[in-house]
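Below is one structure, written out as structure tokens; the observations come after it.
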Amino acid sequence: MKASHLVLALCVGAASFTVFAEGHGRHGKGACGEGHRAVWKQLDLTADQQAQLKTLREQNKADMQAHHQAHQAERQAHHQQMQQLVLADSFDENAVRELATSQVNAQVEKRVAHAKRQHEMLSILTPEQKAKWQEARQERMNNCQGKRHHR
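Under mature numbering (1 follows the signal peptide of the UniProt record, and there is no 0), the residues of the sequence shown are numbered -21 to -1, 1 to 130, in order.
Put into structure tokens, the structure is as follows:
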């Protein structure tokens, strides 16, 4: 992949993520209807499961806030570096590749951390609750897709 294509892909990806994040609000709510918490409420969780999930959510919130604060300056620096590379008199493909790779690697780490958090939460559920969770999520996704097609 050419460096210019990689930069374009990163920009489009960042823009897509921004649109996704803005459309889904703070608690997983979006234009498609109820948020993620509504799916969890359908599971008839025990008091112990509710307490475990609450603890995980609080821990995850604190971890995400710390991560955001720690990496905000890094993201801004990456953005400034990319702007300098794009505006330079000559194009340094290797420097752009290095910077783009570091940005992609950071995104991979973020996605892995998200999957780990989700796994921790889902591991609290019984097999029956997991099946119900999957059904509810699929139904929510289908409803959301149907609404997107009608725009």
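Positions of the beta carbon are idealized from the N, C-alpha and C atoms, including for glycine. For clarity, every value in this text was computed on a predicted model and none was experimentally measured.
Nearest by alpha-carbon distance to residue i: which of the options is it?
i	options	result
V18	A45, E114 and R90	E114
D23	R116, G125, M120 and E107	E107
Q38	E99, C123 and E118	E99
L104	R16, S81 and Q28	Q28
G85	N121, R16, Q124 and E53	In the sequence on display, residue 85 carries Ala and not Gly. If we check each option's Cα against that of A85, E53 comes out closest.
residue 206	Q124, R96 and M120	Residue 206 cannot be examined here, being either before or after the span of the chain that is shown, -21 to 130.
R90	A41, A110 and H46	H46
residue 131	L35, Q55 and N121	Within the shown structure, residues of the chain are numbered from -21 to 130, placing residue 131 beyond reach of any answer.
M61	E77, N121 and A41	E77
Grouping DSSP H, G and I as helix and E and B as strand, with all else coil, what is residue i?
i	result
S81	helix
Q21	coil
L104	coil
Taking buried to mean at least 16 other C-beta atoms within 10 Å of its own C-beta, is residue i buried or exposed?
i	result
A79	buried
E1	With a pLDDT of 35 at E1, under the threshold of 50, the modelled position of this residue cannot be trusted, and the question is left open.
V75	buried
R116	exposed
Q59	exposed
Q82	buried
R119	buried
First and last residue of the alpha helix (DSSP H) that includes residue i?
i	result
A56	A26 to L66
Using a Cβ-based criterion (distance less than 7 Å to any ligand heavy atom), does residue i qualify as near the ligand SAH?
i	result
V65	Within the structure as shown, the ligand SAH is missing, as the structure has no ligands at all.
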